[in-house]
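Enquirer: Sequential numbering of the sequence shown, starting at 44, is according to the numbering used here. By construction, the Cβ of each residue, glycine as well, lies at the ideal position given by its N, Cα and C atoms.
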Amino acid sequence: MKNNDIHFDLKSLPQLMGDLFHRLSRYAPIMFFVLIAVVYGFVLLRITMLANLQPTNSDVSGEIAQLTPHIDKNAVQQLQGLEDNSVNVKSLFEDARNNPFGE
Numbered sequence: 044m045k046n047n048d049i050h051f052d053l054k055s056l057p058q059l060m061g062d063l064f065h066r067l068s069r070y071a072p073i074m075f076f077v078l079i080a081v082v083y084g085f086v087l088l089r090i091t092m093l094a095n096l097q098p099t100n101s102d103v104s105g106e107i108a109q110l111t112p113h114i115d116k117n118a119v120q121q122l123q124g125l126e127d128n129s130v131n132v133k134s135l136f137e138d139a140r141n142n143p144f145g146e
């Protein structure tokens with residue numbers, strides 16, 4: 044192959060790109076559908092992979108190491124004592140127990 048056979052001119056590049064764009068524009072709906080299908084397939088694949096993912100040993104040990112909340116017994120006794128001494132407080136506690144989401 045000789046160098047004389049290759050004719051590449053930068054001035055004709057916009058014309059070539061315009062022709063290529065015109066030829067490919069006929070297939071734009073098909074290319075759009077294929078793009079959407081590929082993205083949808085990728086999302087489904089990632090969801091499936093993440094749904095079946097098992098936790099690592101470090102994740103499990105991190106959950107085990109977390110402390111459970113602890114309420115001091117003295118604080119519980121004080122609250123119960125206040126509840127027993129005051130009728131208003133006792134009614135507030137009872138209302139909150141019976142209907143926790145009520146106003």
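What's the gap between the Cα of N141 and the Cα of K116?
Expert: Each residue's alpha carbon lies about 24 Å from the other.
Enquirer: How many angstroms separate the CA atom of I73 from the CA atom of Q97?
Expert: Between I73 and Q97, the C-alpha separation is close to 38 Å.
Enquirer: What does the alpha-carbon distance come out to for the pair M44 and D52?
Expert: Since pLDDT at M44 reaches only 47, below the 50 mark, its modelled position is unreliable, and the value read off the structure follows with that caveat. Rounded to whole angstroms, M44 to D52 spans 18 Å at the Cα level.
Enquirer: Could you tell me if the beta carbon of S68 falls within a distance shorter than 7 Å of some heavy atom in the ligand MN?
Expert: Ligands in the displayed structure: none, and consequently the ligand MN is not present.
Enquirer: Output the distance between the C-alpha atoms of P143 and T111, rounded to the nearest integer angstrom.
Expert: Cα to Cα, the separation comes out at about 23 Å.
Enquirer: May I have the straight-line CA-CA distance separating D127 from G105, to the nearest angstrom?
Expert: Going by the C-alpha atoms only, they are around 41 Å apart.
Enquirer: Report the three-state DSSP secondary structure of M44 (helix, strand or coil).
Expert: Confidence at M44 is low in this model, with a pLDDT of 47, below 50, so its placement is unreliable and no value can be given for it.
Enquirer: If we ignore side chains and look at the alpha-carbon of each, how far apart do S134 and G124 end up?
Expert: Answer to the nearest angstrom: the Cα atoms are 14 Å apart.
Enquirer: Between which residues of its own chain and G61 is the CB-CB distance below 7 Å, once the five residues before and five after are set aside?
Expert: None.
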